[in-house]
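Novice: Position 30 of the sequence shown, counting from 1, maps to 29 under numbering that gives the first Met the number 0, and the rest follow consecutively.
Ideal Cβ positions, reconstructed from N, Cα and C, are used throughout, including at glycine.
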Amino acid sequence: MEFETVIGLETHVQLSTKSKIFCSSSTEFGADPNEFTDPVTLGLPGALPVLNRSVVEYAMMLGLAMNCEIRSFNRFARKHYFYPDLPKGYQISQFEEPICERGHIAIQINDATRTIGITRIHMEEDAGKNIHDSRTGSSLIDLNRAGVGLLEIVSEPDLRSPAEAAAYLRTLRQIVRFLDVSDGNMEEGSLRCDANISLRPVGEVKFGTRTEIKNINSFKFVERALEYEIARQMSLLKSGKTVVQETLLFDSATGVTKPMRSKEESADYRYFPDPDLPPLVIEESWIREVTSRMPKLPEERVKELVEGYGLTAYDAHVLTAERSFVDFFEEVFKICQNAKLACAWVTSELFGMLNKAGLDLKKSPISAQNLGELLKLIDSETISGKMGKSVFEEMFASGRPAQEIVAEKGLKQITNDDEIRRIVEDVFNKNASQLQGYLAGNERLHMFFVGQVMKATSGSANPKKVNEVIAAELKKRKDGA
Ligand code: ADP
Ligand code: MG
């Protein structure tokens, strides 16, 4: 029997607001343990939460970007469970009234576009971190992360393979980074996902029993954990056994999923509306105001690059992997006015060099302005592409502008016909026997003269022009002879 894979992801995105969701403590990453705590974070009696307006706006932006409906009447709910990193004994979340619902996003998979439904997006607070110190055998708690704002994005069970799950997660990461609501950094835990997976016989409409793999923190592990889980469920089903609905952990060292706990039901959390927080009402005018501040999204930028700048879809996708890439490209274009040239130099030369140097584009020693100026010199044939590369390397090493390096090295390409003609004549005079040879019928000597001119100008003459001038001068002499 053939089986179909069904996957739905619950993704947590840590928001990059300056302060936490219900108090003014900082959200900065990498501080000393418990530096960012306060009565609300610590859950001290009498401390009251106050909602951070930016968290709501970030949620609205993500919802709008994912084509969701924004709820006007919102409430927060307490989700109860015990864990040492949760001092209050409950997490403030949203339950029956999430801020965003019924959305969808497009993902690209093998050149095809698939639409994935978004069930809901809700706001909640993060928990702290338990640190287990094997040296002393003690467990320590760092509450810096407790109370940092999160958005949980729940997808419909529309994904059909581990590759689609990874593509969905990459698209989601790209969107939150374009919106600048989160850095989407999986290694630092700003983006984590729980993957729900089940199998069903091909043709079957009803979903099979699912398992949920918790807290996956890399794109590679999402695919690997799901592949493993498909194989495990498949062998159970093929041997006539059943899949038990449970929560699993993926061990990235062994590549195996292991049971963590039996699946809890929402009743176990004893959700109820948080009496400390008033309902949040979102007016149409607020949604309009936030909409007007939304940056352009990856899909729109791709369209502009293809239709407006004439780039290939492939190049457009490379350039929109990050908002900083496409912004940089557009700045380079503004100066050199040649989109193909700008794209090629940004994506291959510059990205190649940055990659080798282990640098981020934001730290590029060559500014967009300076790269644009270099490309202008190449596009106008003031310098050749080959010279451009050596100037580029020097710019990368020193951060200096192109014109300065070109002037200093006397690199300007000789494109003036009269000037080239003078050099050609000089070469003919110095190589009289070769000229005789040519006129006697040895036409291969044409290339010899080109070589001599390039040598005489240390390679700074425009090769195309040199070729033309030599051809014309040889013809004149042949016709004259
Ligand atoms: P919870 O995990 O909190 O019980 P839901 O029941 O809403 O929440 O489901 C969570 C995720 O599981 C969603 O992303 C949903 O698409 C996915 N899901 C639900 N049923 C299945 C299934 N049978 N197979 C795979 N994924 C599923
Ligand atoms: Mg779940």
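1. Assuming Lys362 contacts Thr414 (C-beta within less than 8 Å), just tell me the rounded distance between them.
2. Hey, how far is the Cα of Arg231 from the Cα of Lys240?
3. If I follow the unbroken beta strand (DSSP E) through Lys128, where does it start and stop?
4. In angstroms with no decimal places, state the Cα-to-Cα distance between Leu139 and Ser189.
5. Could you give the DSSP three-state label for Ala111: helix, strand or coil?
6. Leu50: beta carbon under 7 Å from a heavy atom of the ligand ADP?
7. Going residue by residue through the segment 244 to 278, where are the continuous beta strand (DSSP E) segments of at least 3 residues, counting only ones entirely within it?
8. Of the choices Glu95, His121 and Thr4, whose alpha-carbon is the least far from that of Gly62?
9. Report whether the distance from the Cβ of Gly146 to the nearest heavy atom of the ligand ADP is below 7 Å.
10. Mind checking Lys78: buried by the 16 CB within 10 Å criterion, or exposed?
11. To the nearest angstrom, report how far apart Ala471 and Arg300 are at their CA atoms.
12. Inspect the beta-carbon positions of Ala126 and Gln93 and report whether they are closer than 8 Å.
13. Determine the DSSP secondary structure at Arg191, reduced to helix, strand or coil.
14. When the Cβ atoms of the segment 42 to 51 are set against those of the segment 246 to 258, are three or more pairs found closer than 8 Å?
15. Select from Val405, Glu124 and Asp141 the residue whose C-alpha is nearest the C-alpha of His131.
16. Please report the distance separating the alpha-carbon of Phe206 from that of Pro156.
17. Tell me the DSSP secondary structure of Cys483 in three-state form.
18. Taking 8 Å as the cut-off, does the segment 335 to 351 touch the segment 372 to 385 (at least 3 CB pairs, one atom from each stretch)?
19. Expressed to the nearest angstrom, what Euclidean distance is found between the alpha-carbon atoms of Pro277 and Arg74?
Specialist: Let's see:
1. 36 Å between Cβ atoms; not a contact.
2. Looking at the two C-alpha atoms, the distance is approximately 11 Å.
3. Residues Lys128 to Asp132.
4. Cα-Cα distance, rounded: 21 Å.
5. Strand, per DSSP.
6. Because no heavy atom of the ligand ADP lies under 7 Å away, the Cβ of Leu50 does not count as near it: no.
7. Runs found: 245 to 250 and 255 to 261.
8. Of Glu95, His121 and Thr4, the smallest CA-CA separation from Gly62 is found for His121.
9. No - the ligand ADP has no heavy atom lying nearer than 7 Å to the Cβ of Gly146.
10. Burial is judged here by how many other beta carbons sit within 10 angstroms of a residue's own beta carbon; Lys78 has at least 16 and is buried.
11. Approximately 48 Å between the Cα atoms of the pair.
12. No.
13. Three-state DSSP puts Arg191 in a strand.
14. No, the segment 42 to 51 is not in contact with the segment 246 to 258.
15. When Val405, Glu124 and Asp141 are compared, the shortest CA-CA separation from His131 is found for Asp141.
16. So the alpha carbons of these two residues sit roughly 9 Å apart.
17. The requested residue 483 does not occur in the structure, where the chain is confined to residues 0 to 480.
18. With contact defined as three or more Cβ pairs closer than 8 Å, the segment 372 to 385 and the segment 335 to 351 are in contact.
19. Cα-Cα distance, rounded: 7 Å.
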